[in-house]
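Undergrad: Following this message is one structure expressed as structure tokens.
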Amino acid sequence: MKMTEDATPGSFKQRPWFFWFIIVAALGFIGFGVFAVSTIFKYHRLDQYGYTTNPTSRGVVIADVDPGGPAAGKLQKGDSILAINGDARFSRITQLSWQSSFLKGSSHSLKIERQGIEQDVSISNEQYAASPAVLNLRLKRTIAYFPRYLACVIVALLIGLFKPGDKLARLGAFAFLMIAHQAITFTIIPIMGMFSQAENLAAYFFILIQGAIWFGPIAYHSSYRFQDGIPKGRFWTILQWLLYFSGAVMFLNRFVITTAAQSSSAIQFRSDYYGAETIFGQINNWYWIVCLVSISAVLVRNNHVVRQPDQRRRVRMVLYGSMMPVLPQTAVAVIARISAAAGYESFANGAVIETLRLASAIAMILVPISWGYAILNRQVYDIQVVIRRSVQYLLARNALRLFLALPIIAVLYVVVTKSDRSLRELLTYLLYDKPAYLMLIIAAGIGLIFRTRIQEWIDRRFFREAYQQDKILRELSEEVRELDSMSGMARLVSQKVEEALHPEHLYMFYLEEDKRDLSLGYSTGGTGRELRIPEEYELLRVMEHHRRSLDFPLPARAKLPQQELDWLASMGTSLIVPMNGSDHRLTGLLLLGPKKSEAPYSGSDRQLLDSLADQIAIVYENVRLKERVARDRRIQHEVLSRVEQRKINLLKECPKCDRCYDSSEKICPDDQTELQLSLPVERTVEGRYKLNKLIGRGGMGAVYEASDLRLNRGVAVKILGSSFFGNQEAQRRFQREAQASARLNHPNVVRVYDYGALSTEGAYLVMELLKGVTLGERLRNVIYLEPDAAADLFDQILSAMEAAHEAGIIHRDLKPDNIFILEDQESSEAATANKEAKPVVKILDFGIAKITQIETSSETTSHSITTPGTVLGTFGYMSPEQLTGGDVDQRSDIFSLGVIVIKTLTGRRPFSGKTFQELITTMMSRPFHLPGSSVEMKRLDAVLQKCLAVEKEKRFDSVAEMRKELIPAIRFCLGSTGGSSGHLDSDLAITKRYDTSEDPGN
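The working numbering runs 141 ahead of the 1-based position in the sequence shown.
This is the structure in structure tokens:
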């Protein structure tokens, strides 16, 4: 059973008070249960006096006489008691109120009146073996009440443990504790007259709670206010307080009587109080009926006023789960009261009523079960579904299991009852004397052999709907494997799932080639909206991690942003099914609405959908692989067809060492690995640049270490990826990077030597060959840089960007991975440690730069290949205007530079957020400030605040201004020690305890 979550887990000190209360209360109830069981085992075979009494308007009368007891032949049913041991006060005290100390000696004398004639009889006080009838009656009471007691304690404990903060659920827990109190008390009532004084005292303190009285008002209150959202009513509220008032009066009466029974004047008090006790007894009879009727009425009322489907299912579950046992019990109580009032007391207290009363009491175990299911379960089936499935399961599957178990039970019965016989005699008896046993064994054997077919027949006959669902979805899993089209698969899956489970609506999202967001592949109803799930949605990470379907609303621990929760709710989502590939990466999602039957998705439904989703993911991977292979083959075929006649020397690579070879080579001589064709380009590009080794591969292409054969120097050659061959936009990006770099002649900007188009509709870019690491790689190793090293780096970075802006170039993608630190023979650590060594910095990747033409008229003409409103850049380093698709200028680069400075000095970005919306919200609502109160820190913080202003008008107007203030501010943090940054470390430095996964953009 899936429990609901009341709150996020915390320390024990944070637990609500009810959590601890319910544990203590449960321990107390369990302790008294152990006490009750021990006394039952001690006294259940014993009896005393051999007769029982009942109070009437004329006094106490004999209610029943045990034929095997000491009162047999002496007392008769209906005899009026006038005195006991000469004490006439006992004529007004019922036997249930006696204690062992009241009647001392080996016997007691009774003065009775029978048909107007007074008689004296003597009855033994000694305990004797109870008759079978008495034992049977006690056993029935124990069977009826003890399971109810256990069920109520367990449900109350579960509510307290799992929903301690829910005020309405607490009422239910209190109600179940009261029912448990009533049930366990009723199990010991028949034997309480034989208790010792210590046992009486223990029972007194527990019985003092009077759960039978408080159950009525508390259960009504819990039924009335069962869930949030159920409207109140004036009449029902007044009735609630009337029941509480009546219960308080009844409790006061029982408290007085119970307490007085422990005093030395108990006999006198009970005798004097008899009249009031009789009146309260009559009121108590009707009080119970009023409580049960009120509870039933308010549950019926709630069932009519509730509209929300989930609440309606819960209310119906509680209504029917309570009414089924309560109505018979109410009917029995009404019949008994009316019979007694009409003068048929013998019938009201007879065996028929007692049997019906016990049967209805046994059925009361349904109350805690149904309430616990409705309160604790996250998803609740409609009551009709529960009843139908329970009955079918009981009559079908359990009947089959019972049938198969009958021979074993029969054989065990024979072995136990005839244990004095030898094995041979037992076999003779089973096989010859009683051939029915042999027939049962044969039938069971046949059942075991054909149990699978029998089980399938039962499923078709009694579980037709579930069987059809299972059959449809399992057949669909097989059909999906044969598909080779995502659109066709999406349509088939959606139609079959709709046929099997009947959701109100269904959406299937999957990841398309070369796209980061999940796109809508199919939806029932054919919505015209272009729906997608953005890559930055936290929902995708939650489902990828969970790997299995989740009901919506999601558990609190999922912690989805409110925007995503609102979106899921607007889609009418009830179940989310992830599609995970073989590498456990999310490839798609199924969003299902609630079932048209209003029943929740069962565990079997979710299991089948999870299995189906896994099959879809595998097919998705296969389809994508086929499409990719087909595309690559087409490209290679087109390219090779162009170069075949020219006998071009195509590039081959070693997949192990990344070295490059001619097309004539087959095996790498260094590691004996088979060479592969990677890009459909010549080994020597344009007859000048000979590719020697792969440096790295990215989304747009690959970078190779190469030799410039004309100038005899090492260069880096960037070649457009084969998937972009013929892509005009990608080629323009390459050209833009070459143009931007060519306009700059600065020592801190990577130099571009050449650019050209390939005959295979690709493109290449020739740059200076750099040796070293990016700032991003350095920070991933050391987390942060010391201020002096950072100042040296940023002095060069800002100098380069100052030159870029003066040339009319806006980078738009500044980040640590686009800042390269040159190294010679020294390692990065040695270079950092050596204060005299100042590594040279190079700015990389002007591929998405915006180039502006500065005219003499002071007007600036912008040239960009980007569509207005397009978001370009790296998440985490973009300015607010970039995130929102606004106009960018040099102040946008200043914002990105400010983020990089903070990342370099502290090891983390200034603004957190896993989605664009979260990041923008953080920028707007939570400005970043450097920690520390020193003058140095305040100065640096003020400079960075001017870099990170949300409104670009409030930032530095130029990089030159920023450089003028920033570099001295960073160096000033070194303090008067001339190089020690100890005080900066304590204020600012970040250790590896920070989770770098928060920084996807590095």
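Each residue gets a CB set at the ideal place from its N, CA and C atoms; glycine is no exception.
So who's on the other strand from H249, going by DSSP bridges?
TA: Its beta-bridge partners are I264.
Undergrad: Given that a residue counts as buried once 16 or more other Cβ atoms are within 10 Å of its Cβ, and exposed if not, what is F170?
TA: It is buried - the Cβ of F170 has at least 16 other Cβ atoms within 10 Å.
Undergrad: Would you mind stating whether D207 and G219 have Cβ atoms separated by less than 7 Å?
TA: No; because the gap between Cβ atoms is not below 7 Å, this pair is not in contact.
Undergrad: Taking the alpha carbon of R921 as the reference point, which residue from S263, D751, F287 and G1048 has its own alpha carbon closest?
TA: When each option's Cα is compared against that of R921, the closest is G1048.
Undergrad: How about N886 and A941: are their beta carbons less than 7 Å apart?
TA: The answer is no: Cβ separation not under 7 Å.
Undergrad: Does any residue of chain C bring its CB to less than 7 Å from the CB of A324?
TA: The displayed structure is made up of one protein chain only, and chain C is not part of it.
Undergrad: Which residue's Cα is closest to the Cα of V439: R478, Q449, Q381 and F392?
TA: That would be Q381, whose Cα lies nearest to the Cα of V439.
Undergrad: How big is the Cα-Cα spacing for L661 and M720?
TA: So the alpha carbons of these two residues sit roughly 14 Å apart.
Undergrad: Is it the case that the Cβ atoms of D205 and T197 are separated by a distance below 7 Å?
TA: Contact: no.
Undergrad: Do G1017 and R1067 have their CB atoms nearer than 7 Å?
TA: Not a contact, by the Cβ cut-off of 7 Å.
Undergrad: Starting from the N-terminal side, write out each stretch of the alpha helix (DSSP H) that is 4 residues or longer and does not extend beyond the region 321-360.
TA: Segments of the alpha helix (DSSP H) lying fully in the region 321-360: 338-348.
Undergrad: State the Cα-Cα distance for the pair E902 and E823, rounded to the nearest angstrom.
TA: Distance between the alpha carbons of E902 and E823 is about 13 Å.
Undergrad: Over the uninterrupted alpha helix (DSSP H) stretch that includes Q869, give me the two end residues.
TA: From DSSP, the alpha helix (DSSP H) with Q869 extends over Q869 to A883.
Undergrad: Quick one: is N959 buried, meaning 16 or more other Cβ sit within 10 Å of its Cβ, or exposed?
TA: It counts as buried.
Undergrad: Using 7 Å as the threshold, is the C-beta distance between E794 and Q817 below it?
TA: Cβ atoms of E794 and Q817: closer than 7 Å.
Undergrad: Could you have a look at R156 and say whether DSSP puts it in helix, strand or coil?
TA: Of the three classes helix, strand and coil, the one that applies to R156 here is coil, per DSSP.
Undergrad: What whole-angstrom Cβ distance do T283 and I181 have, given they're in contact under 8 Å?
TA: Indeed, because the Cβ distance is near 7 Å, the residues count as touching under 8 Å.
Undergrad: Quick one: give me the first and last residue of the beta strand (DSSP E) that L216 is part of.
TA: Taken as a continuous stretch (DSSP letters only), L216 belongs to no beta strand (DSSP E), as it is neither H nor E.
Undergrad: In chain order, what are the residue ranges of uninterrupted alpha helix (DSSP H) at least 4 long that sit wholly in the region 435-500?
TA: Fully enclosed alpha helix (DSSP H) runs of 4 or longer: 450-482 and 486-489.
Undergrad: Could you check whether the region 1031-1044 touches the region 1088-1103, counting it as contact only if at least three pairs of C-beta atoms, one from each stretch, sit closer than 8 Å?
TA: Touching, yes, given that three or more Cβ pairs across the two stretches are closer than 8 Å.
Undergrad: Going by DSSP in three states, N721 sits in which element: helix, strand or coil?
TA: If DSSP states are grouped into helix, strand and coil, N721 belongs with the strands.
Undergrad: One question on the structure: do L850 and R874 come within less than 7 Å of each other, judged by their Cβ atoms?
TA: Cβ atoms of L850 and R874: not closer than 7 Å.
Undergrad: Can you give the Cα-Cα distance for I234 and K215, rounded to whole angstroms?
TA: I234 and K215: Cα-Cα distance of roughly 20 Å.
Undergrad: Count the other CB atoms, across all protein chains shown, that sit within 10 Å of the CB of A274; report buried if there are 16 or more and exposed otherwise.
TA: A274 comes out exposed.
Undergrad: Here's the rule: buried if 16 or more other CB atoms are within 10 angstroms of the residue's CB, otherwise exposed. What is F231?
TA: It is buried - the Cβ of F231 has at least 16 other Cβ atoms within 10 Å.
Undergrad: Could you tell me whether the Cβ atoms of T728 and L652 are closer together than 7 Å?
TA: Yes, the pair counts as a contact, with Cβ atoms nearer than the cut-off.
Undergrad: For K637, which option in L750, S745 and A321 has the closest C-alpha, if you only look at C-alpha atoms?
TA: When each option's Cα is compared against that of K637, the closest is L750.
Undergrad: Under 8 Å by Cβ, that's how I've got V1076 and L1107 pegged, so tell me the actual separation to the nearest angstrom.
TA: About 16 Å separates the two Cβ atoms, so there is no contact after all.
Undergrad: Does the distance from the C-beta atom of I1061 to that of L1089 stay below 7 Å?
TA: No, the pair does not count as a contact, with Cβ atoms beyond the cut-off.
Undergrad: Along the chain, where does the alpha helix (DSSP H) containing Y1018 start, and where does it finish?
TA: From DSSP, Y1018 is part of no alpha helix (DSSP H); its letter is neither H nor E.
Undergrad: N922 lies in the alpha helix (DSSP H); which residues open and close that run?
TA: Segment L916 to V923, the alpha helix (DSSP H) holding N922.
Undergrad: When you compare the region 943-960 with the region 911-919, are there three or more beta-carbon pairs, one atom per stretch, that lie closer than 8 Å?
TA: With the cut-off at 8 Å, the region 943-960 and the region 911-919 touch.
Undergrad: With a threshold of 16 other CB atoms inside 10 Å of the CB of Q703, please say whether the residue is buried or exposed.
TA: Per the 10 Å Cβ criterion, exposed.
Undergrad: Going straight from the alpha carbon of F1113 to that of V1100, what length do you get?
TA: Each residue's alpha carbon lies about 19 Å from the other.
Undergrad: With a 10 Å radius around its C-beta and 16 neighbouring C-beta atoms as the bar for buried, classify S863 as buried or exposed.
TA: S863 should be labelled buried.
Undergrad: Out of R366, M684 and A324, which one is the CA nearest neighbour of V459?
TA: It is R366 whose Cα lies nearest to the Cα of V459.
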